[in-house]
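Engineer: The structure is given below, and queries will be raised subsequently.
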Amino acid sequence: MTATDTHRAIDAVWRIESAKLIAGLARVVRDVGVAEELAQDALVAALKQWPETGVPDNPGAWLMAAAKHRAIDRLRHKTMLDRKHEEVARDLAEKELAMPDLDSALDDHVGDDLLRLLFVSCHPVLSTEARVALTLRLLGGLTTDEIARAYLTPEATVAQRIVRAKRTLSEAGVPFEVPRGEEMEARLSSVLEVIYLIFNEGYSATAGSDWTRPALCEEALRLGRILAELAPHEPEVHGLVALMEIQASRLRARVGPSGEAILLLDQDRMKWDLLLIRRGFAAIARAKAIGRPLGFYALQAGIAACHARARVAADTDWAQIATLYGALVRVAPSPVIELNRAVAVGMAHGAAEGLKIADAMADEPSLKTYYVLPMVRGDLLEKLGRLDEARLAFERAASLTRNVRERDVLLARASACA
Amino acid sequence: MRVMVIVKATKDSEAGVMPSEKMLTEMGKFNEELIKAGVMLAGDGLHPSSKGARVRFSGTKRTVIDGPFAETKELIAGYWIWQVKAMDEAIAWVKRCPNPMLEDSEIEIRPAFEVEDFGETMTPELRAHDEKLRAQLAAQK
Numbered sequence: 020m021t022a023t024d025t026h027r028a029i030d031a032v033w034r035i036e037s038a039k040l041i042a043g044l045a046r047v048v049r050d051v052g053v054a055e056e057l058a059q060d061a062l063v064a065a066l067k068q069w070p071e072t073g074v075p076d077n078p079g080a081w082l083m084a085a086a087k088h089r090a091i092d093r094l095r096h097k098t099m100l101d102r103k104h105e106e107v108a109r110d111l112a113e114k115e116l117a118m119p120d121l122d123s124a125l126d127d128h129v130g131d132d133l134l135r136l137l138f139v140s141c142h143p144v145l146s147t148e149a150r151v152a153l154t155l156r157l158l159g160g161l162t163t164d165e166i167a168r169a170y171l172t173p174e175a176t177v178a179q180r181i182v183r184a185k186r187t188l189s190e191a192g193v194p195f196e197v198p199r200g201e202e203m204e205a206r207l208s209s210v211l212e213v214i215y216l217i218f219n220e221g222y223s224a225t226a227g228s229d230w231t232r233p234a235l236c237e238e239a240l241r242l243g244r245i246l247a248e249l250a251p252h253e254p255e256v257h258g259l260v261a262l263m264e265i266q267a268s269r270l271r272a273r274v275g276p277s278g279e280a281i282l283l284l285d286q287d288r289m290k291w292d293l294l295l296i297r298r299g300f301a302a303i304a305r306a307k308a309i310g311r312p313l314g315f316y317a318l319q320a321g322i323a324a325c326h327a328r329a330r331v332a333a334d335t336d337w338a339q340i341a342t343l344y345g346a347l348v349r350v351a352p353s354p355v356i357e358l359n360r361a362v363a364v365g366m367a368h369g370a371a372e373g374l375k376i377a378d379a380m381a382d383e384p385s386l387k388t389y390y391v392l393p394m395v396r397g398d399l400l401e402k403l404g405r406l407d408e409a410r411l412a413f414e415r416a417a418s419l420t421r422n423v424r425e426r427d428v429l430l431a432r433a434s435a436c437a
Numbered sequence: 760m761r762v763m764v765i766v767k768a769t770k771d772s773e774a775g776v777m778p779s780e781k782m783l784t785e786m787g788k789f790n791e792e793l794i795k796a797g798v799m800l801a802g803d804g805l806h807p808s809s810k811g812a813r814v815r816f817s818g819t820k821r822t823v824i825d826g827p828f829a830e831t832k833e834l835i836a837g838y839w840i841w842q843v844k845a846m847d848e849a850i851a852w853v854k855r856c857p858n859p860m861l862e863d864s865e866i867e868i869r870p871a872f873e874v875e876d877f878g879e880t881m882t883p884e885l886r887a888h889d890e891k892l893r894a895q896l897a898a899q900k
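First to last, the sequence lines map onto chains F and X.
FYI, the numbering for the first sequence is 20 to 437, going by the working numbering.
FYI, the numbering for the second sequence is 760 to 900, going by the working numbering.
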């Protein structure tokens with residue numbers, strides 16, 4: 020094996036092991052930031068040794084042992100100012116003695132530890148950006164540089180964000196645990212939100228010319244699939260996974276040959292990924308089987324599934340979609356969802372009915388600069404033959420979007436109404 | 760990226776020798792690990808080629824050939840579909856797979872065509888725009 024080969028093999032091991040490593044260490048040292056530094060130290064040690072010795076048979080155990088030795092060293096050299104350090108050092112030393120087989124001892128906790136790590140990375144004490152960066156870094160094993168490139172943000176900004184996030188967690192004394200009782204629901208929704216934000220960043224770039232960034236979608240899907248195994252009794256977890264699987268099934272179909280966007284109803288459905296659709300349906304079934312009312316993500320997944328089931332756009336069950344949007348707007352009242360309901364009602368019960376809902380939202384302050392409202396109005400007006408009004412609406416929508424390709428699509432629709 | 764991981768057939772697998780209970784348990788554990796890591800999308804074990812069939816294409820002619828087939832090493836005994844970040848990750852996972860056969864055997868990994876392959880169709884204008892963005896990013900550092 021050449022040195023480059025070994026480095027690539029180490030990258031792969033890191034991808035597979037880093038989250039488990041950090042999670043296991045965090046349980047012992049009770050600080051996510053310190054755990055990540057220890058894991059990084061172990062990685063540095065591997066980068067130094069493995070090119071000479073080759074990749075060990077059980078690389079995960081090797082990394083964990085290296086990190087633990089490093090942890091003990093650190094703690095011994097520290098002026099044990101607070102009791103926490105003393106306690107942890109004693110804990111570690113005892114565990115070393117009591118359990119010579121560190122790996123199997125850790126194995127029992129892997130799932131719980133990963134779940135704790137995810138909850139801590141998405142803790143509400145952190146800003147949304149910090150939660151996203153920390154989750155990609157700690158759970159996804161992405162480097163700062165990879166996160167920076169995916170988010171078109173300077174690397175220094177991301178690095179600083181992560182450092183600050185770890186400090187905030189430490190200062191706030193956020194415990195390394197899975198929340199219970201009433202807190203659970205709010206904390207879980209923060210976890211789901213972070214994963215879905217990552218997915219959406221990849222699915223629909225808010226700026227620049229990259230319409231999709233599939234790597235982020237894949238990363239979010241992977242996190243979702245992992246979470247579905249860690250927290251199998253939460254319907255919303257399966258709902259989110261289902262939603263992402265079905266949306267991702269359209270990735271191949273939503274970009275034209277010169278990179279332009281293709282809207283859902285115009286997509287070539289032969290390009291939809293049947294494996295992901297099937298996985299999406301299975302995840303919805305898992306959510307329903309739990310027997311609790313469907314929530315924000317599961318309802319959206321249900322809507323996505325209606326589209327996925329239609330072999331041609333004309334077969335779409337719009338009445339069912341309109342009903343699901345009605346349920347969704349009750350679970351999560353939002354003008355954006357109401358706007359979607361307007362579209363579905365327009366399809367199910369006629370453009371005039373849809374336009375009624377859309378026009379009722381004209382004064383909604385949060386939609387003032389949201390390009391989708393005029394886009395939807397333009398679409399409904401065009402169907403009603405009110406072409407002058409439709410053109411104005413499309414032009415207004417084009418002036419509001421920040422996405423270059425979306426603007427092109429909207430301007431084309433405006434000129435089609437002229 | 761998505762890969763197909765192909766477990767190649769052996770004399771035993773073609774003869775319909777069922778895997779031992781120990782192997783099934785180990786393979787079950789490995790599958791569970793793959794699912795928990797968010798890697799496994801699908802997978803199945805396959806019956807020997809004696810239960811399979813081939814359709815041979817020659818111009819407009821279609822000829823059905825019933826199994827079993829020769830060239831055991833070229834046959835497959837099972838497959839997975841995995842979602843991984845890179846080929847190296849797939850290789851690292853395959854190395855962890857319990858030995859699927861009693862005899863010497865191989866597991867082959869083949870990447871599937873994916874969305875990223877649209878990168879080839881990027882127009883020069885888009886590429887230039889992309890490079891400009893990267894240059895801006897570098898300047899911000």
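The beta carbon of each residue, even a glycine, is placed where N, CA and C say it ideally should be.
Does the contact criterion of 3 or more C-beta pairs under 8 Å hold for the region 272-290 of chain F versus the region 252-262 of chain F?
Structural biologist: Contact between the region 272-290 of chain F and the region 252-262 of chain F is absent, because fewer than three Cβ pairs lie under 8 Å.
Engineer: Helix, strand or coil for Phe4(F)? Go by DSSP, reduced to three states.
Structural biologist: Here chain F has residues from 20 to 437 only, and residue 4(F) is not among them.
Engineer: Grouping DSSP H, G and I as helix and E and B as strand, with all else coil, what is Asp825(X)?
Structural biologist: Asp825(X) falls in the strand class under three-state DSSP.
Engineer: Taking only the alpha-carbon atoms, compute the straight-line gap between Glu865(X) and Val766(X) and give it to the nearest angstrom.
Structural biologist: Glu865(X) and Val766(X): Cα-Cα distance of roughly 6 Å.
Engineer: What's the call for Gln266(F), buried or exposed, on a 16-neighbour Cβ count within 10 Å?
Structural biologist: Gln266(F) should be labelled buried.
Engineer: Taking C-alpha atoms, which residue in Thr420(F), Leu403(F), Tyr390(F) and Ala435(F) lies nearest to Val410(F)?
Structural biologist: Correcting the residue type first, residue 410(F) is Arg in the shown sequence and not Val. When each option's Cα is compared against that of Arg410(F), the closest is Ala435(F).
Engineer: Start and end of the alpha helix (DSSP H) containing Leu783(X)?
Structural biologist: It spans Glu780 to Lys795 - the alpha helix (DSSP H) in which Leu783(X) sits, taken as one unbroken run.
Engineer: How many angstroms separate the CA atom of Thr98(F) from the CA atom of Asp92(F)?
Structural biologist: Here Thr98(F) scores only 49 on pLDDT, less than 50, and its place in the model is too uncertain to base an answer on.
Engineer: Among all the DSSP beta bridges, which residues are the ones paired with Gly345(F)?
Structural biologist: BP columns for Gly345(F) are empty, so no partner.
Engineer: When DSSP builds the beta bridges, which residues end up paired with Phe816(X)?
Structural biologist: Partner(s): Arg821(X).
Engineer: Tell me the rounded alpha-carbon separation between Leu476(F) and Asp60(F).
Structural biologist: Absent from the structure is residue 476(F), since the part of chain F shown begins at 20 and ends at 437.
Engineer: Nearest chain X C-beta to Leu282(F) closer than 9 Å, yes or no?
Structural biologist: For Leu282(F), the answer is no, since every Cβ of chain X falls outside 9 Å of its Cβ.
Engineer: Would a check of beta-carbon distances place Ala829(X) closer than 9 Å to chain F?
Structural biologist: Closer than 9 Å: no.
Engineer: Could you spell out the range, first to last residue, of the alpha helix (DSSP H) harbouring Ile322(F)?
Structural biologist: That run of the alpha helix (DSSP H) goes Phe315 to Arg328.
Engineer: Roughly how many angstroms separate the alpha carbons of Gly373(F) and Arg405(F), rounded to a whole number?
Structural biologist: If you take the alpha carbons of Gly373(F) and Arg405(F), they lie about 14 Å apart.
Engineer: By the DSSP assignment, the beta strand (DSSP E) with Ile868(X) in it spans what residues?
Structural biologist: Looking at the DSSP string, the run of the beta strand (DSSP E) that includes Ile868(X) is Ile866 to Pro870.
Engineer: Does the beta carbon of Pro431(F) come closer than 9 Å to any beta carbon on chain X?
Structural biologist: Here residue 431(F) is Ala; the residue named in the question, Pro, does not match the sequence. It does not: the Cβ of Ala431(F) has no partner Cβ on chain X nearer than 9 Å.
Engineer: Can you pull the chain X residues whose beta carbon is under 9 Å from the beta carbon of Ala301(F), in chain order?
Structural biologist: The premise fails here: Ala301(F) is roughly 11 Å from chain X at the closest Cβ pair, so nothing lies under 9 Å.
Engineer: Applying the criterion that 16 or more other CB atoms from any shown protein chain within 10 Å of the CB defines a buried residue, is Leu94(F) buried or exposed?
Structural biologist: The residue in question, Leu94(F), is buried, as its Cβ has 16 or more Cβ neighbours within 10 Å.
Engineer: The region 764-796 of chain X: which residues have C-beta closer than 8 Å to a C-beta of chain F, in chain order?
Structural biologist: The region 764-796 of chain X vs chain F, Cβ under 8 Å: Ile794, Lys795 and Ala796.
Engineer: Mind listing the chain F neighbours of Ala845(X)? Cutoff is C-beta to C-beta under 9 Å, in chain order.
Structural biologist: Arg27, Asp30, Ala31 and Arg34, listed in chain order.
Engineer: Quick one: list the residues of chain B neighbouring Leu392(F), beta-carbon separation under 8 Å, in chain order.
Structural biologist: No chain B appears in the structure shown, which is made up of the protein chains F and X.
Engineer: Would you mind working out which of Ala42(F), Gln319(F), Leu270(F) and Ala28(F) sits nearest Asp132(F), comparing C-alpha positions?
Structural biologist: Checked all of Ala42(F), Gln319(F), Leu270(F) and Ala28(F); the closest Cα to Asp132(F) is Ala42(F).
Engineer: Do Ala412(F) and Leu430(F) come within 9 Å of each other at the CB atom, strictly closer than that value?
Structural biologist: For Leu430(F) and Ala412(F), no; Cβs fall outside 9 Å.
Engineer: Name the chain X residues whose beta carbon is nearer than 7 Å to that of Glu248(F)?
Structural biologist: The answer, in chain order, is Ile794 and Lys795.
Engineer: Let me see if you follow: with CB-CB separation under 9 Å, is Gly243(F) close to chain X or not?
Structural biologist: Output row for Gly243(F): interface = yes.
Engineer: Mind the definition here: the region 843-850 of chain X touches the region 777-788 of chain X only if three or more C-beta pairs lie below 8 Å; say whether that holds.
Structural biologist: Result no; under three Cβ-Cβ pairs closer than 8 Å.
Engineer: Does the region 212-221 of chain F come into contact with the region 175-189 of chain F, if we say contact requires no fewer than three beta-carbon pairs (one atom in each stretch) closer than 8 Å?
Structural biologist: With the cut-off at 8 Å, the region 212-221 of chain F and the region 175-189 of chain F do not touch.
Engineer: Return the bridge partner residues of Ala801(X) from the DSSP annotation.
Structural biologist: Paired residues: Ile840(X).
Engineer: Keeping to the same chain, check which residues put their C-beta closer than 7 Å to that of Ala117(F); ignore five residues upstream and five downstream.
Structural biologist: The predicted position of Ala117(F) is uncertain, since its pLDDT is 45 and thus under 50; a value taken from the coordinates is nonetheless stated next. Nothing meets the Cβ criterion.
Engineer: Kindly give me the distance between the Cβ atoms of Ala796(X) and Val32(F), rounded to whole angstroms, as I take these residues to be in contact under 8 Å.
Structural biologist: Their Cβ separation, rounded to whole angstroms, is 13 Å, which puts Ala796(X) and Val32(F) out of contact at 8 Å.
Engineer: Measuring straight from C-alpha to C-alpha, what distance separates Arg168(F) and Glu174(F)?
Structural biologist: About 8 Å.
Engineer: Drop a sphere of 10 angstroms on the beta-carbon of Ser772(X), count the other beta-carbons inside from all chains shown, and report buried for 16 or more, exposed for fewer.
Structural biologist: Buried, since its Cβ has 16 or more Cβ neighbours within 10 Å.
Engineer: Where does the unbroken alpha helix (DSSP H) through Ile309(F) begin, and where does it stop?
Structural biologist: Run containing Ile309(F): none; DSSP gives neither H nor E here.
Engineer: Between the Cα of Ile840(X) and the Cα atoms of Arg821(X), Thr822(X) and Glu867(X), which residue gives the shortest distance?
Structural biologist: Of the candidates Arg821(X), Thr822(X) and Glu867(X), the one whose C-alpha sits nearest the C-alpha of Ile840(X) is Glu867(X).
Engineer: Is there a C-beta anywhere in chain F that falls below 9 Å from the one on Ile866(X)?
Structural biologist: Closer than 9 Å: no.
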